[in-house]
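Position 37 (the sequence shown) corresponds to 445 in the working numbering; numbering is contiguous.
Following: one structure in structure tokens, then a few remarks.
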Amino acid sequence: MIITLFTYILLGLSLAIPAGAMTVQMTKQGMRNGFLHGWFVGIGGMTVDFKLCSFY
409 MIITLFTYIL
419 LGLSLAIPAG
429 AMTVQMTKQG
439 MRNGFLHGWF
449 VGIGGMTVDF
459 KLCSFY
């Protein structure tokens with residue numbers, strides 16, 4: 409019962425994450441070059457978002 413509950417929670421969270429351009433690029437880099445490269449793509453995307461938000 410608990411395992412089923414956690415399975416449904418993980419399924420719901422995975423469907424709620426939007427698959428945008430950065431998510432696709434992070435996944436591609438992570439699959440090709442390893443976790444660290446995908447993680448750096450995500451950090452770069454967060455930096456750009458932060459800079460855009462700070463200007464407006």
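Backbone N, C-alpha and C define an ideal beta-carbon position, used for all residues, glycine too.
Quiz item: Using the rule of at least 16 other Cβ atoms within 10 Å of the residue's Cβ for burial, across every protein chain shown, is Val449 buried or exposed?
Solution: As a working mapping, residue 449 is identified with position 41 in the sequence shown. Buried: at least 16 other Cβ atoms inside 10 Å.
Quiz prompt | Separation of Leu460 from Met434, as counted between CA atoms | solution = As a working note, residue 434 is residue 26 in the sequence shown. As a working note, residue 460 is residue 52 in the sequence shown. Between the C-alpha atoms of Met434 and Leu460 there is a straight-line separation of about 20 Å.
Self-check item: CA-to-CA distance, Gly446 to Phe452, given in whole angstroms
Solution: Position 44 of the sequence shown, counted from the first residue, corresponds to residue 452. Position 38 of the sequence shown, counted from the first residue, corresponds to residue 446. First, the amino acid is wrong: residue 452 is Gly here, not Phe. One alpha carbon belongs to Gly452, the other to Gly446, and they sit about 10 Å apart.
Quiz prompt | DSSP-derived helix/strand/coil call for Gly452 | solution = Translated into the one-based positions of the sequence shown, residue 452 becomes position 44. Taken through DSSP and simplified to helix, strand or coil, Gly452 comes out as helix.
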